[in-house]
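Chemist: Below: one structure in structure tokens.
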Amino acid sequence: MQSALSGVAATLSRLRAQGLCARVAVRKRVPFGPVMNGRAAWLEERGLILPGQRYEELVVIRAEHLPVPATTSGGPDPAVAVAARPKDDLV
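The opening residue of the sequence shown carries number 45 in my numbering; numbering runs sequentially from there.
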């Protein structure tokens with residue numbers, strides 16, 4: 045689980061670059077807890093949240109290793125591996 049403020053697209057890209065099939069499984073908007081409330085002014089100053097915003101979206105990222113069919117040479121077929129990845133949203 046991670047905050048959407050911490051770069052969901054980058055996390056998905058890194059997981060996929062390691063050969064995992066990665067997607068956002070669950071999203072939920074929640075009020076800031078004590079830590080985020082303490083950082084709200086700093087986040088506002090940097091334009092990471094809207095003025096007065098006191099909620100964030102949390103996401104659960106699911107990543108799994110999918111078996112890749114072998115080519116006739118015995119190695120994985122890269123075209124099949126790429127096609128097997130879901131085309132879900134990046135954010």
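Glycine included, every Cβ here is placed at the ideal spot set by N, Cα and C.
In the stretch 62-108, which residue ranges form an unbroken beta strand (DSSP E) of at least 3 residues, counting only runs that do not cross its ends?
Modeler: Runs found: 65-75, 99-108.
Chemist: Would you say V68 and R106 are within 9 Å of each other, going by their C-beta atoms?
Modeler: Their beta carbons are under 9 Å apart, which means V68 touches R106 by this criterion.
Chemist: Nearest by alpha-carbon distance to S57: which of G77, S50, A66 is it?
Modeler: Closest option to S57, Cα to Cα, is A66.
Chemist: DSSP has S47 in a bridge; who is on the other side?
Modeler: Answer is L102, bridged to S47.
Chemist: If you reduce the DSSP assignment to three classes, tell me which class L59 lands in.
Modeler: Residue state, collapsed to three classes: helix.
Chemist: Between the C-alpha atoms of R60 and L110, what's the straight-line distance to the nearest angstrom?
Modeler: Those two C-alpha atoms are separated by around 11 Å.
Chemist: Between K72 and the rest of its own chain, which residues show a CB-CB distance below 6 Å, the 5 nearest in sequence each way excluded?
Modeler: L102.
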